[in-house]
Amino acid sequence: MIIGISGNFNKKDTYPILRDLGVFLSSKNITFYILEDKDIDFSRISSLEIIKDFKYISNNCDIIISIGGDGTIISTIRKFIEFNKPILGLHIGGLGFLAECSTENYKDKILDLISNKYFVEERMLLKVETEDTILHAINELVINRVDSVRTIKVNLDISNKYANSYESDGIIFSTPTGSTAYSLSAGGPIIYPTLSLFAITPICSHTLSMRPLIISSEELIKISFDKNSFNKKVSLTVDGQKQKIISNDSEVFISKSNYIANIIKFNDDYYNTLRNKMNWKGNLRYK
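My numbering puts the first residue of the sequence shown at 101, with every later residue one more than the last.
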């Protein structure tokens, strides 16, 4: 097993973890390489011989460990998406829904990794297409206004059938993985992460009857905009990391991506994860 290590190396908390992780992997005779970052001086962390470029790691490593929060893990998935690499998240940061190990238990988890006591969970992605761009979303696509305080008017067609028109601050198209992110904050549902569904959630809709909608990922979604509105430009934001500005006479197509995210898991109890991360208290009568 050859392990590649990626992550948010700009975080100060990453350095001691990266150094200790390298020592631990070496003690277990595991070959590993660290993804180079031209803004980081790795000489104070480890031997420069193990610092490799993206091409080398993507071609030679079996598993990628991503050190950071969910945003870092999402960025790592996007980097290696064409290479179908299993990703193990080592959590430093906020909630860490995608991370399977923390700074406290990562050594035990890596021992499980060595012993093949893990499985790979496949997560669907969204494909977002405009006239000149294709984007892939792990969590969500957010469509909202640009340089305007007015609502945006969005027309929704699903598999060549008119579905609805939304007047709102924006609209979120979420994967099951992203259902616990921005969509949840906007009132969207929590979806079991291995299901193949889209959640469509308006942001602060002008009409209270506009509710989140869940549809099959086999559907093709077409988005168009009210050309007479004050919003001449529209923002498409993927996972809070990639943005595309389009005009309001454009069309956007959303479908299931051919790519998948491969997440390394040690426990298949998603409900336990929800209780812990969402701070659910269970049945208080028996506490």
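Backbone N, C-alpha and C fix where the C-beta goes; we use that ideal spot for every residue, glycine too.
Below 8 Å on the Cβ atoms is my guess for residue i versus residue j; work out the distance and round it to an integer in Å.
i       : j       : result
Ile-177 : Ala-361 : 5 Å
Val-242 : Tyr-282 : 6 Å
Pro-312 : Ile-300 : 6 Å
Ile-354 : Ile-315 : 10 Å between Cβ atoms; not a contact.
Lys-333 : Val-246 : 4 Å
Ser-279 : Ser-296 : 13 Å between Cβ atoms; not a contact.
If you measure between the beta carbons of residue i and residue j, is that distance less than 9 Å?
i       : j       : result
Ile-323 : Ile-303 : no
Phe-366 : Glu-204 : no
Ser-335 : Ile-345 : yes
Leu-195 : Ser-166 : no
Asn-239 : Thr-275 : yes
Phe-180 : Leu-226 : no
Ile-210 : Phe-124 : yes
Ile-103 : Asp-162 : yes
Ile-193 : Lys-112 : Before going further, note that residue 193 is Gly rather than Ile in the sequence given. Taking 9 Å as the Cβ cut-off, Gly-193 and Lys-112 do not qualify as a contacting pair.
Asn-331 : Asn-348 : yes
Ile-174 : Leu-198 : yes
His-306 : Ser-350 : no
Val-352 : Thr-230 : yes
Ile-363 : Glu-182 : no
Answer with buried or exposed for residue i, where buried requires no fewer than 16 other C-beta atoms within 10 angstroms of its C-beta.
i       : result
Tyr-266 : buried
Lys-261 : exposed
Ile-151 : buried
Thr-131 : exposed
Ile-234 : exposed
Lys-185 : buried
Asp-392 : In this structure the chain extends from 101 to 387, so residue 392 is not present and cannot be described.
Thr-74  : Outside the displayed range of the chain (101 to 387) lies residue 74, so it cannot be described from this structure.
Leu-308 : exposed
Tyr-292 : exposed
Phe-219 : exposed
Lys-217 : exposed
Tyr-371 : exposed
Met-224 : buried
Asn-244 : buried
Go ahead and pull the three-state DSSP assignment for residue i.
i       : result
Asp-120 : helix
Gly-270 : strand
Tyr-156 : helix
Phe-132 : strand
Gly-340 : coil
Asn-372 : helix
Gly-288 : coil
Glu-229 : strand
Ile-315 : strand
Thr-301 : strand
Leu-235 : strand
Leu-125 : helix
Tyr-218 : coil
Ser-279 : helix
Lys-377 : helix
Which residue marks the beginning of the alpha helix (DSSP H) containing residue i, and which one marks its end?
i       : result
Thr-172 : 170 to 179
Ile-210 : 206 to 214
Tell me where the beta strand (DSSP E) around residue i begins and ends.
i       : result
Tyr-359 : 352 to 365
Asp-257 : 252 to 258
Gly-107 : 102 to 107
Ser-324 : 321 to 325
Leu-390 : Absent from the structure is residue 390, since the part of the chain shown begins at 101 and ends at 387.
Ile-243 : 240 to 245
Of all the CB atoms in chain D, is at least one closer than 9 Å to the CB of residue i?
i       : result
Ile-300 : Structure shown: chain D not included; a single protein chain is present.
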